[in-house]
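Asker: Going by this note's numbering, the first residue of the sequence shown is number 877, and it counts up by one from there.
Even for Gly, the Cβ is constructed at its ideal location relative to N, Cα and C.
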Amino acid sequence: MNGTRLQGNVPILATAFADDGTVDLDSISRLVSFLLEQKIDGLALFGNASEGYALTAAEKRAILERVREQTAGAIPLVVGAGGAGIEVAVENALWACGEGADALMVMPPSVVKPDETRLLEFYGELARRVSVPIMLQDAPGVSGVSMSVKLLARLCSENDAIRYVKVESPPTALKISALQAQLHGAAEIFGGLNGVYMFEELERGVTGVMPACEFPDVVNAILRAHAGGDREEARALFYRYLPFFRYGTQPGINVAVHKEVLFRSGVFATARVRNPNVPLDPATRGELFAMLEHLPLAILAS
């Protein structure tokens, strides 16, 4: 089993598209360069904020190859790999492992909503077949599948490969505390949901956070302050930027919010999103950048 430990700031890599709708690898490379300069602790590919569900297998292969070559082992890569059934998920997971993934992030199947028995079978088989750690993604707002604290703890305790849980089921702080009490060290917990509960999650003892990728400097500053014992500085930074975090969680346009910032910065050549995501209308775009006039971001500084 791969010994890489995930911790700290592990943002979700956005996927750039050219005007003709194809994947823009050069823009993705510019984003990866920026993230490496910002000293992120890891990088996740093909999550919900990556539009991983809208990418073909060939596109995923090209993106992962480019990112793996560019990062060259400097940071761990977490690859989103799941599926609507066990066989599909295993195939996707084995492909990701073979392409250099350091860990896998896996949501439950969601086309047919699995019961507890089916979830135990799904994750158990996946854990037996892979050679890298697995992160359970508890995101019922996306998957439509709710996993109880008891079930999550059981999955972690019964499968050595399952080492992380990404909690995106509000109220996240309550679930994190309840899960910590039942895990007994069997796995570590990450926060998600674009950081909207980041401070409370840090207070509850999460190992790291996995927000969108356009504000790593802000996340790093909050993490540093909290880890250094300056809880009030961490709280103040979090409260200052919370309106922006919140803006990037709106269903349907959340991906477009992230991409508009990346496009405005010059890192991405377009702000194009893929169906079923919706591009920002002029009024919403104006509101976003009016807010950011008061909230400095490193990506917009140059």
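Counting along the chain, where does the alpha helix (DSSP H) carrying V1194 start and finish?
Answerer: Here the chain covers residues 877 to 1178 and nothing more, so residue 1194 does not appear.
Asker: Looking at the secondary structure, which residues open and close the alpha helix (DSSP H) in which K1135 lies?
Answerer: As a working note, residue 1135 is residue 259 in the sequence shown. Unbroken alpha helix (DSSP H) run through K1135: N1130 to S1141.
Asker: How far does the alpha helix (DSSP H) with I1017 in it reach, from first residue to last?
Answerer: Reading the sequence shown from its first residue, position 141 is the one you call residue 1017. The identity of residue 1017 in the sequence shown is Gly, whereas the question assumes Ile. G1017 -> alpha helix (DSSP H) spans P1016 to S1019.
Asker: Identify whether M1167 lies in helix, strand or coil by the three-state DSSP scheme.
Answerer: Sequence index remark: in the sequence shown, residue 1167 carries index 291 (1-based). Helix, per DSSP.
Asker: Using only alpha-carbon positions, find the residue among K1042, A1159, I904 and E1064 that is nearest to S1033.
Answerer: In the sequence shown, residue 1033 corresponds to position 157, counting from 1. Minimum Cα distance to S1033 is reached at E1064.
Asker: What does a CB cutoff of less than 6 Å around E1150 pick up in its chain, not counting 5 residues either side in sequence?
Answerer: As a working mapping, residue 1150 is identified with position 274 in the sequence shown. Before going further, note that residue 1150 is Arg rather than Glu in the sequence given. Correct list, in chain order: E927 and A930.
Asker: Relative to the C-alpha of I939, which residue among K915, F910, A972 and Y1115 is closest?
Answerer: For this step, residue 939 is matched to residue 63 along the sequence shown. Comparing Cα positions, the closest option is A972.
Asker: Per DSSP, which residues does K1042 bridge with? Please list them.
Answerer: In the sequence shown, the residue the question calls residue 1042 occupies position 166. In the DSSP output, where bridge partners are listed per residue, K1042 has Q1013 and F1066.
Asker: To the nearest angstrom, report how far apart C1020 and I1052 are at their CA atoms.
Answerer: Within the sequence shown, the letter at position 144 stands for residue 1020. Within the sequence shown, the letter at position 176 stands for residue 1052. It should be noted that the sequence gives Gly, not Cys, for residue 1020. Between the alpha carbons of G1020 and I1052 lies a gap of roughly 19 Å.
Asker: What residue range is occupied by the uninterrupted alpha helix (DSSP H) comprising M1074?
Answerer: Residue mapping note: residue 1074 aligns to position 198 of the sequence shown, counting from 1. Start and end: M1074 to E1079.
Asker: So the beta strand (DSSP E) L1207 belongs to, where does it begin and stop?
Answerer: Given a span of 877 to 1178 for the chain in the structure shown, any question on residue 1207 remains unanswerable.
Asker: Quick one: Cα of R1100 to Cα of C1089, how far?
Answerer: Locating residue 1100 in the sequence shown gives position 224, where the first residue counts as 1. Locating residue 1089 in the sequence shown gives position 213, where the first residue counts as 1. Answer to the nearest angstrom: the Cα atoms are 17 Å apart.
Asker: If you drop the 5 nearest sequence neighbours on each side, which residues of the same chain put their C-beta closer than 6 Å to that of E975?
Answerer: Numbered from 1 along the sequence shown, position 99 holds the residue referred to as residue 975. Excluding sequence neighbours, E975 sits near L940.
Asker: Would you identify the three-state DSSP class for I1183, choosing helix, strand or coil?
Answerer: The question about residue 1183 has no answer, for the chain in this structure spans 877 to 1178.
Asker: Taking A960 as the reference, which of F998, T993, L953 and A948 has the closest Cα?
Answerer: What you label residue 960 is simply residue 84 of the sequence shown in a count that begins at 1. Closest option to A960, Cα to Cα, is F998.
Asker: Is it the case that the Cβ atoms of G884 and A920 are separated by a distance below 8 Å?
Answerer: Sequence index remark: in the sequence shown, residue 884 carries index 8 (1-based). Sequence index remark: in the sequence shown, residue 920 carries index 44 (1-based). It is not a contact, given that the beta carbons lie outside the stated cut-off.
Asker: Going by C-alpha distance, which of T1048, V899 and V1018 is nearest V1025?
Answerer: Position 149 of the sequence shown holds residue 1025. When only C-alpha atoms are compared, the closest one is T1048.
Asker: Hey, how far is the Cα of V1133 from the Cα of Y1123?
Answerer: As a first step, residue 1133 is located in the sequence shown; it is residue number 257 there, counting from the start. As a first step, residue 1123 is located in the sequence shown; it is residue number 247 there, counting from the start. Whole-angstrom Cα-Cα distance: 7 Å.
Asker: Kindly indicate which three-state DSSP category V1008 falls into: helix, strand or coil?
Answerer: By 1-based counting over the sequence shown, the position of residue 1008 is 132. The answer is coil: DSSP assigns V1008 none of H, G, I, E or B.
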